[in-house]
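Peer 1: Encoded as C-alpha cells, here's the structure I'll be asking about.
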Amino acid sequence: MLHVKIAELNRTALRQIGVSWLDTRNQSFLGSNIGNAAALTATGRATQDAAFTPGAFQTPGVAQGTGGLPLVPGRTSSIIQPLASTFAGVSSAAIGANSQLFGVFNAGQFNLFINALRSNQLAKVIAEPNLMTLDGQPARFIAGGSFPFPVPQSTAIGGASVAVTIQFRDFGAILQFLPHILANDVIRLDVEPSFSELNPATGVTVLGTTVPGINQRSARTVVELREGQTLAIAGLLQSRSTASTIRIPGLGDLPIVGPWFSNNSVLTVETELVVLVTPELVAPIEKSEVPPGPGDRVYEPNDYEFYFLGRIEGKTGHPFRATIAEHDPVDVMKHLRSDNQWVVGPHGHAD
Numbered sequence: 017m018l019h020v021k022i023a024e025l026n027r028t029a030l031r032q033i034g035v036s037w038l039d040t041r042n043q044s045f046l047g048s049n050i051g052n053a054a055a056l057t058a059t060g061r062a063t064q065d066a067a068f069t070p071g072a073f074q075t076p077g078v079a080q081g082t083g084g085l086p087l088v089p090g091r092t093s094s095i096i097q098p099l100a101s102t103f104a105g106v107s108s109a110a111i112g113a114n115s116q117l118f119g120v121f122n123a124g125q126f127n128l129f130i131n132a133l134r135s136n137q138l139a140k141v142i143a144e145p146n147l148m149t150l151d152g153q154p155a156r157f158i159a160g161g162s163f164p165f166p167v168p169q170s171t172a173i174g175g176a177s178v179a180v181t182i183q184f185r186d187f188g189a190i191l192q193f194l195p196h197i198l199a200n201d202v203i204r205l206d207v208e209p210s211f212s213e214l215n216p217a218t219g220v221t222v223l224g225t226t227v228p229g230i231n232q233r234s235a236r237t238v239v240e241l242r243e244g245q246t247l248a249i250a251g252l253l254q255s256r257s258t259a260s261t262i263r264i265p266g267l268g269d270l271p272i273v274g275p276w277f278s279n280n281s282v283l284t285v286e287t288e289l290v291v292l293v294t295p296e297l298v299a300p301i302e303k304s305e306v307p308p309g310p311g312d313r314v315y316e317p318n319d320y321e322f323y324f325l326g327r328i329e330g331k332t333g334h335p336f337r338a339t340i341a342e343h344d345p346v347d348v349m350k351h352l353r354s355d356n357q358w359v360v361g362p363h364g365h366a367d
C-alpha cells in the first residue's frame, strides 16, 4: 500500500489602479474614461439664432438704406442683425462595476471615479489517496477529469466530409507508481506524479472547435526505501506574473498626474506543491475488524425529527425509510418480525 499526501498552496495577488473623471463647467465638458471605473456619456449641440427685423421706407424723395445706399421709392429696406450662436453640452457619469471610490463636487460639475484595488487570495488543497497493488504491478490514481477534443482521421477528397473522432485527455492530479519488493523488505519504488490544468489561452482551433491547452507539472523518480519511510517530492514551484497598462500618450506618463490618465494592473500567482509518499506492506483484515464506513451511521430522520425538530439527520440510531414508512405507520411489521424470530411454535391471531 502506498500512502500519498498531496499538498498544494496557491497564492494570488492583484493590484489595480485606474481613474475616470468628468468635468462639466459653463459651456464645456472634459473627461477621461481610460480608468474603466465609470461610464461617461457626453453630447454637444450648437445652435444659431438669426434676428431678422424688416423696416419699410416709403417717403417721397431719396431715402438712405442700410450702409448709405440710396433706396428706390416704393421699395422696402431690411435691417439684418448679427447672428447669435450658442453651445449646449449634455454629459453624464454613471458608477461602473470596477469603481471602488467616487465623488461628486460642485453640484455635479466635477465627477471623480477611482478604481483602486488590492486583492489577495489563498487556496489550500490537500489530498490523501491510498493505493494498493501487488509486487511488480503498476497502480494509478487520478483526481481531476477528462476533456474531449476532435481528431480528424482523413482529408476531404472529392467533396467528401472530413471524418472526425472524439478523444479524451486526462487532467488534474495523476499519480502512477510501480513497486518491487527486494530482500530484507526493501521496496524499490518508481513514482511518477503529474499535475495539470486546462489553459484556454494556449489552445488551438480544430474544425471550428477550440481545444484548450494544458499546463503540466510532472516528475519521475526511482528510489529504494524501507517500509514506513517517506519520500518527499518537492520543488514543484511556479510563479506567474501578468502586468498590463493602458495610458493616454503623454498625459499618462507624467509622474504625479499620470494615474489620472492611465489604468495599471499587476496579477501575481505563486503555486507551491509537495508530494509525500510512504510505502507499507499490508495484509487483509478479518470481517470483524472492518471499521464502519463513511455514512454507515447516518440515518434518515423520522417524521417527528424532520417536521418538529428540523433535523436532516436522524439521531435515534435506528434506520428510518420514508419510502415505506407510510405502509407501517404504527410499526406493526417490526413486532411481527420480532415474533417470527423469538417466538417458538404457532403464534398470531387466534381463530
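Those letters in the sequence shown? Residues 17 to 367, by our numbering. Built from N, CA and C at the ideal position, the CB exists for glycine as well.
#1: By the DSSP assignment, the beta strand (DSSP E) with Glu208 in it spans what residues?
#2: Reducing DSSP to helix, strand and coil, say where Pro307 ends up.
#3: Can you pull the DSSP bridge partners for Asp319?
#4: For Ser162, I'd like the list of residues in its chain whose CB is within less than 8 Å of its CB, leaving aside the five on either flank, ordered along the chain.
#5: Please report the straight-line C-alpha distance between Gly229 and Ala217, rounded to a whole angstrom.
#6: Just reading off the beta strand (DSSP E) that Trp37 is part of, what are its end residues?
#7: By how many angstroms is the C-alpha of Val180 removed from the C-alpha of Thr221?
#8: To which residues of the same chain is Trp276 closer than 6 Å at the C-beta, ignoring the five residues directly before and after it?
#9: Restricting to Cα atoms, I'd like to know which of Leu191, Ala143, Gly224 is closest to Gln167.
#10: With distances taken between CB atoms, is the gap from Thr40 to Phe126 smaller than 9 Å?
#11: Between the alpha carbons of Leu325 and Ile158, how many angstroms are there, rounded?
#12: Evaluate contact between the stretch 299-313 and the stretch 201-208, counting only Cβ atoms and requiring at least three cross-stretch pairs below 8 Å.
#13: When burial is assigned at 16 or more other CB atoms within 10 Å of the CB, is Trp358 buried or exposed?
#14: Run through DSSP, which three-state label would Gly229 get?
#15: Comparing C-alpha positions only, which one of Ser278, Val239, Glu329 sits nearest to Tyr315?
#16: Is Ala53 closer than 9 Å to Asn122 when the C-beta atoms are compared?
#17: Beta strand (DSSP E) containing Leu352: first to last residue?
#18: Can you grab the Cα-Cα spacing for the pair Arg353 / Arg313, in whole Å?
#19: Express the C-alpha separation of His19 and Ile264 in angstroms, rounding to a whole number.
Peer 2: According to the structure data:
#1: In the DSSP annotation of this structure, the continuous segment of the beta strand (DSSP E) that includes Glu208 starts and ends at 202-222.
#2: In the structure shown, Pro307 sits in coil (DSSP, three-state: anything other than H, G, I, E or B).
#3: In the DSSP output, where bridge partners are listed per residue, Asp319 has none listed.
#4: Closer than 8 Å at Cβ, skipping near neighbours: Phe184, Arg185, Asp186, Phe187.
#5: Spanning the two alpha carbons is a distance of roughly 7 Å.
#6: Counting along the chain, the beta strand (DSSP E) containing Trp37 begins and ends at 18-41.
#7: The alpha-carbon separation between Thr221 and Val180 amounts to approximately 14 Å.
#8: Here Trp276 has Val35 as same chain residues with Cβ atoms under 6 Å from its own Cβ, once five neighbours each way along the sequence are excluded.
#9: Per the sequence presented here, residue 167 reads as Val, with Gln not at that position. Out of Leu191, Ala143, Gly224, the CA that lies nearest to the CA of Val167 is found in Gly224.
#10: It is a contact, given that the beta carbons lie within the stated cut-off.
#11: So the alpha carbons of these two residues sit roughly 41 Å apart.
#12: With fewer than three CB-CB distances shorter than 8 Å, the stretch 299-313 does not count as touching the stretch 201-208.
#13: By the 10 Å Cβ count, Trp358 comes out exposed.
#14: Looking at Gly229 - three-state DSSP - the assignment turns out to be strand.
#15: If we check each option's Cα against that of Tyr315, Glu329 comes out closest.
#16: No, the pair does not count as a contact, with Cβ atoms beyond the cut-off.
#17: That residue, Leu352, is in no beta strand (DSSP E); its alpha helix (DSSP H) goes 348-358.
#18: Between the alpha carbons of Arg353 and Arg313 lies a distance of about 23 Å.
#19: Roughly 57 Å separates the two Cα atoms.
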